[in-house]
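Read through the structure below, which is laid out as structure tokens, and then see the notes.
Numbering (the numbering used here), first residue to last: 1386 to 1808.
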């Protein structure tokens, strides 16, 4: 009981945070604009890093509140909530993308896309891309319609490991008589320091590997987790809150505008957008006249649907580019409209119904989720088998107007004056 009271006194309270939804909307806007018009927002890929901080903050807060309950942290309960929240929309997106690949993409890419669908369904896509960095990330390679699942894979790996590590840390704190919050803060601090050090070192020696692997990115989630554990002890004045919110927004915007494919990333440079996101979260609600910070209707709308927007925007871009070869201003606007329309349908008819569904059997969502993953893997595996048994047309390999993501991550030679589609 004393441990629970100590936790309750130190963690940030739960509840709806409109500015966090706005931050989500800003992050997904960065990513979408960057993927459609890379030259317009050359560092828009930092939206993913902002998502990592938000996820670390929210998940650590959720787990800590579970620890406060009489039953403590329930792994089944936590994983069930994650499955209901994330898996249905992801599986639908993967299956539709697999079908779209057969319709819109050269058969030379069917097998590799199917293999990446399998990796994405199993949430190990980041490791597959990292292992293929030498070949797959070559500038002459066409990007995969599911390569954006690399960031979702890192988040899912964090969701699997962190609650187990948290339970172990709380058990050890009780056994040794340590403060539970201090123990969790220490653990997350070690994770942050070690992961950031690995990120800096690998970004210098092997930037393509550093971009994708979990241990160079998990510090961003740990940063959000530390914020959740310590935020309630920090009570800034209204003027300080406003200054923090503005500074955080400017840091995020500056990184999106000033960073580019030539930026050594993640490494130390990733501190700018992540600390910016942390400042926005720490500032909380901002009220200065009509200024509401990121609590803007349009950004909250995008934030509510940010998961579906992220899932659907990339395959739509890839399929469109495969047919048209290039994306101009009008094309980009049409893609944004299509993304918003499809994402809204996904949000209304897939995300929300499954998220709020209830079952009398606690394990039922986990069983259903495992079955859904199995169906997705089986269908993609069937395509791999079918492609292996027939010759493919290699005449359309490569998309000259859209070099692969090595143009962003490595010192690759690419055609001058063309747009890029990095991951």
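For glycine and all other residues, C-beta sits at the position ideal for the given N, C-alpha and C.
What does the alpha-carbon distance come out to for the pair residue i and residue j?
i: residue 1736; j: residue 1418; result: 23 Å
i: residue 1447; j: residue 1471; result: 16 Å
i: residue 1644; j: residue 1427; result: 6 Å
i: residue 1725; j: residue 1415; result: 15 Å
i: residue 1750; j: residue 1761; result: 16 Å
i: residue 1513; j: residue 1540; result: 15 Å
i: residue 1502; j: residue 1647; result: 29 Å
i: residue 1459; j: residue 1553; result: 13 Å
i: residue 1584; j: residue 1464; result: 28 Å
i: residue 1727; j: residue 1435; result: 23 Å
i: residue 1449; j: residue 1456; result: 12 Å
i: residue 1548; j: residue 1672; result: 35 Å
i: residue 1827; j: residue 1536; result: This structure cannot settle anything about residue 1827, because the visible part of the chain is limited to 1386 through 1808.
i: residue 1618; j: residue 1452; result: 19 Å
i: residue 1680; j: residue 1642; result: 22 Å
i: residue 1524; j: residue 1649; result: In this predicted model, residue 1524 has a pLDDT of only 41, less than 50, meaning its place in the structure is not dependable; the value taken from the coordinates is given anyway. Those two C-alpha atoms are separated by around 17 Å.
i: residue 1626; j: residue 1402; result: 15 Å
i: residue 1477; j: residue 1623; result: 44 Å
i: residue 1616; j: residue 1668; result: 10 Å
i: residue 1479; j: residue 1505; result: 8 Å
i: residue 1561; j: residue 1652; result: 35 Å
i: residue 1595; j: residue 1605; result: 13 Å
i: residue 1579; j: residue 1431; result: 21 Å
i: residue 1740; j: residue 1733; result: 11 Å
i: residue 1772; j: residue 1511; result: 24 Å
i: residue 1574; j: residue 1620; result: 21 Å
i: residue 1677; j: residue 1633; result: 14 Å
i: residue 1705; j: residue 1670; result: 39 Å
i: residue 1748; j: residue 1461; result: 7 Å
i: residue 1483; j: residue 1454; result: 42 Å
i: residue 1707; j: residue 1723; result: 16 Å
i: residue 1759; j: residue 1437; result: 27 Å
i: residue 1544; j: residue 1588; result: 25 Å
i: residue 1684; j: residue 1413; result: 9 Å
i: residue 1492; j: residue 1509; result: 24 Å
i: residue 1582; j: residue 1563; result: 27 Å
Apart from the five residues just before and just after residue i, which ones in its own chain have a Cβ nearer than 7 Å to its Cβ?
i: residue 1474; result: 1692, 1693, 1696, 1731, 1735 and 1736
i: residue 1468; result: 1750, 1751 and 1754
i: residue 1519; result: A caution first: residue 1519 carries a pLDDT of 38, below 50, which makes its placement in the model unreliable, though a value can still be read off. There are no such residues.
i: residue 1638; result: none
i: residue 1744; result: 1750
i: residue 1654; result: 1644 and 1648
i: residue 1394; result: The predicted position of residue 1394 is uncertain, since its pLDDT is 48 and thus under 50; a value taken from the coordinates is nonetheless stated next. None.
i: residue 1429; result: 1415, 1416, 1418, 1419 and 1641
i: residue 1607; result: 1441, 1573, 1576, 1577 and 1580
i: residue 1769; result: 1496, 1499 and 1500
Tell me which same chain residues have a C-beta within less than 6 Å of the C-beta of residue i, skipping the five on either side of it?
i: residue 1542; result: 1599
i: residue 1628; result: none
i: residue 1568; result: 1554 and 1558
i: residue 1533; result: 1699
i: residue 1602; result: 1539
i: residue 1529; result: 1498 and 1501
i: residue 1664; result: 1629, 1632 and 1633
i: residue 1636; result: 1657 and 1661
Leaving out five residues before and five after residue i in sequence, what residues of the same chain have Cβ atoms less than 8 Å from its Cβ?
i: residue 1775; result: none
i: residue 1702; result: 1420, 1421, 1712, 1720 and 1806
i: residue 1550; result: 1572
Can you find a heavy atom of the ligand NAP that lies under 7 Å from the Cβ of residue i?
i: residue 1720; result: No copy of the ligand NAP occurs in the structure displayed, which carries no ligand at all.
Practice task
Mind listing, in chain order, the continuous alpha helix (DSSP H) runs of no fewer than 4 residues lying wholly within the region 1463 to 1530?
Solution key: 1495 to 1506 and 1510 to 1516
Problem - alpha helix (DSSP H) runs contained entirely in the region 1564 to 1623, provided each spans 4 or more residues - result: 1565 to 1590, 1592 to 1597 and 1603 to 1615
Practice task
Evaluate the contact criterion for the region 1659 to 1670 versus the region 1695 to 1710: three or more CB pairs, one atom per stretch, below 8 Å.
Solution key: no
Handout entry: Three CB pairs or more closer than 8 Å across the region 1434 to 1445 and the region 1607 to 1618
Key = yes
Handout entry: Contact between the region 1762 to 1772 and the region 1492 to 1499 (3+ Cβ pairs under 8 Å)
Key = yes
Exercise for the section: Flag this pair as touching only if the region 1403 to 1415 and the region 1682 to 1690 have three or more C-beta atom pairs under 8 Å; answer yes or no. Expected result: yes
Exercise for the section: Within the region 1710 to 1754, note down every full alpha helix (DSSP H) run reaching 4 residues or more, in order along the chain. Expected result: 1714 to 1731 and 1737 to 1740
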